[in-house]
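Here is the structure we will look at, set down as structure tokens.
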Amino acid sequence: AYELCGSPDNLYVGCQYDEPVSDLRGLLQSASEAKFDFVVIPLFQRRDPGGAYELRPAMASDLALDSKTWSTAIVGMLSEWIDPGPAATPERRSECQRALEQELHWASHLGVYGIVLPPPSGARCELYAAAVGRLLLGGVYTTQLMLRVPLLAETAGGQVDGWEMWNGFRLLCDQNPRLQVVLELTADLPSTERELERWFAEPVRSVIVPADIFLTNKQGFPVLSKRHKAFLVQAFRHKVQVIFKGLPGGAEAEAGAEADASKYLHYIARLFQSRPAPTPQEQFELPYHDYLQAPLQPLQDDLESQTYETFEKDPVKYVRYEEAIFRCLQDKLSAG
Numbered sequence: 001a002y003e004l005c006g007s008p009d010n011l012y013v014g015c016q017y018d019e020p021v022s023d024l025r026g027l028l029q030s031a032s033e034a035k036f037d038f039v040v041i042p043l044f045q046r047r048d049p050g051g052a053y054e055l056r057p058a059m060a061s062d063l064a065l066d067s068k069t070w071s072t073a074i075v076g077m078l079s080e081w082i083d084p085g086p087a088a089t090p091e092r093r094s095e096c097q098r099a100l101e102q103e104l105h106w107a108s109h110l111g112v113y114g115i116v117l118p119p120p121s122g123a124r125c126e127l128y129a130a131a132v133g134r135l136l137l138g139g140v141y142t143t144q145l146m147l148r149v150p151l152l153a154e155t156a157g158g159q160v161d162g163w164e165m166w167n168g169f170r171l172l173c174d175q176n177p178r179l180q181v182v183l184e185l186t187a188d189l190p191s192t193e194r195e196l197e198r199w200f201a202e203p204v205r206s207v208i209v210p211a212d213i214f215l216t217n218k219q220g221f222p223v224l225s226k227r228h229k230a231f232l233v234q235a236f237r238h239k240v241q242v243i244f245k246g247l248p249g250g251a252e253a254e255a256g257a258e259a260d261a262s263k264y265l266h267y268i269a270r271l272f273q274s275r276p277a278p279t280p281q282e283q284f285e286l287p288y289h290d291y292l293q294a295p296l297q298p299l300q301d302d303l304e305s306q307t308y309e310t311f312e313k314d315p316v317k318y319v320r321y322e323e324a325i326f327r328c329l330q331d332k333l334s335a336g
């Protein structure tokens, strides 16, 4: 992992490969030399168009790697076609359900670091979400499931906001805590900052940064737009991991491609380093993100001074108290 300037937090960076890989050890060696912490790979061969479904793992054996490497360095992607879509025939639904179950079983057997589900094919994702929800309720899979969601999705019905897509999907899965998000940045961003900021209240595990959203500065180095950069810096405060997609490199890479890829990695590392230092208030709140405070009754119960000190670190509450008292006094004065 990248350790920057003695920071207690590390930047974990992975690289996504869209084609099945047979030489996993060679791939991991190359990724390690390029300073990546993990790789994201398809676990299954591409399906023959029009052919009958058959489970075809990308690797010859689960013994291709030892269990520690599977669980720390490999994130597996399921097949892209397992969302049947809203207009699927009963045969198509059954086939997708069977493929989803079998692929999850195999990925869970491998013990990979995480499993990435393909994004819904459109805003209507009831069949797909219901299938995933049933499997989550079954409790068979111990590996963390992550739904890949683009910030903005281009579908057959037009552009769809990724958050709306995710929100519908997770509600149909009964907001299961074992379902997280892999959020993919897109060249176009939602029009308002509010639409971006609501992602920080979601269980975003990783952010995918495609190489094709980078711009080139005057010196010829890859950089992100101001809005992309600001979003990513804020995401770092929530301890997200970064996954690069479409970097120059790979088995068929030309000479110098690895050096080109390192430019992207160094840029993200500098961006991570540029994070403003957390304030004492933010440092205190860090372990309590996404937790509701337990209700207490300070006027009824004798509480320790430490408990009161914790209460008093909530500035919003006391600002609201002050506003309420001010308005109450105004009402009393106006009433005579």
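By UniProt numbering, the letter at position 325 of the sequence shown is numbered 325, and the numbering carries on one by one without gaps. Don't be surprised by glycine CBs; every beta carbon is placed ideally from N, CA and C.
I believe residue i touches residue j by the beta-carbon criterion, under 8 Å. Please report the beta-carbon distance rounded to the nearest angstrom.
i: F244; j: V75; result: The Cβ separation is near 13 Å, so there is no contact.
i: P57; j: D83; result: Going by Cβ atoms, the distance from P57 to D83 rounds to 20 Å, so no, they are not a contact pair.
i: V204; j: A153; result: With 8 Å as the limit, V204 and A153 do not qualify as a contact, their Cβ atoms being about 16 Å apart.
i: L127; j: L179; result: Not really, about 16 Å apart at Cβ, beyond 8 Å.
i: L271; j: K317; result: L271 to K317, Cβ: 34 Å. No contact.
i: V40; j: M77; result: 6 Å
i: M59; j: S32; result: Not confirmed; about 18 Å, so no contact.
Give the straight-line distance between the Cα atoms of residue i and residue j, rounded to the nearest whole angstrom.
i: I213; j: Y264; result: 11 Å
i: P42; j: P280; result: 42 Å
i: P20; j: S30; result: 16 Å
i: A255; j: C96; result: Confidence at A255 is low in this model, with a pLDDT of 41, below 50, so the placement of that residue should be treated as unreliable; the coordinate-derived value is given next. Looking at the two C-alpha atoms, the distance is approximately 41 Å.
i: F200; j: L24; result: 34 Å
i: Y308; j: D314; result: 10 Å
i: A261; j: D301; result: 60 Å
i: E54; j: L104; result: 14 Å
i: L329; j: S274; result: 46 Å
i: R227; j: E193; result: 9 Å
i: D62; j: F311; result: 51 Å
i: A251; j: L27; result: With a pLDDT of 43 at A251, under the threshold of 50, the modelled position of this residue cannot be trusted, and the question is left open.
i: A129; j: G85; result: 10 Å
i: W106; j: A34; result: 29 Å
i: K332; j: I325; result: 11 Å
i: F284; j: T69; result: 34 Å
i: A88; j: W81; result: 12 Å
i: S108; j: A187; result: 33 Å
So, are the CB atoms of residue i and residue j less than 8 Å apart?
i: G138; j: S67; result: no
i: G122; j: C173; result: no
i: L147; j: W163; result: no
i: S206; j: Q175; result: no
i: S71; j: A99; result: no
i: Y113; j: A73; result: yes
i: L189; j: L196; result: yes
i: L224; j: L183; result: no
i: F169; j: P222; result: no
i: G246; j: A269; result: no
Nearest to residue i by CA position, among the options, is which residue?
i: Q16; options: R237, G336, P248; result: P248
i: T142; options: I115, S61, K226; result: I115
i: E202; options: C125, N217, Q283, K239; result: K239
i: L171; options: A187, C125, S191; result: C125
i: N217; options: P210, V181, Y267, R320; result: Y267
i: Q159; options: F169, A88, L145, S191; result: S191
i: L11; options: L232, S305, P210; result: L232
i: P276; options: R237, Y288, F221, R92; result: R237
Worksheet item: For the UniProt domain "PRMT5 arginine-N-methyltransferase" (281-333), which segments carrying the alpha helix (DSSP H) assignment without a break, of at least 4 residues, lie completely within its bounds, in sequence order?
Response: 305-311
Item to complete: Please specify which runs of the beta strand (DSSP E), each continuous and at least 3 residues long, are wholly inside the region 132-156, giving them in chain order.
Response: 145-150, 152-155
Discussion item. Which complete alpha helix (DSSP H) runs does the region 44-69 hold, if anything under 4 residues is left out?
Written reply: none
Worksheet item: Which runs of the alpha helix (DSSP H), 4 residues or longer, sit entirely within the region 9-40?
Response: 24-33
Fill in: Segments of 3+ residues assigned as beta strand (DSSP E) that fall wholly inside the region 157-216
158-161, 179-184, 204-210
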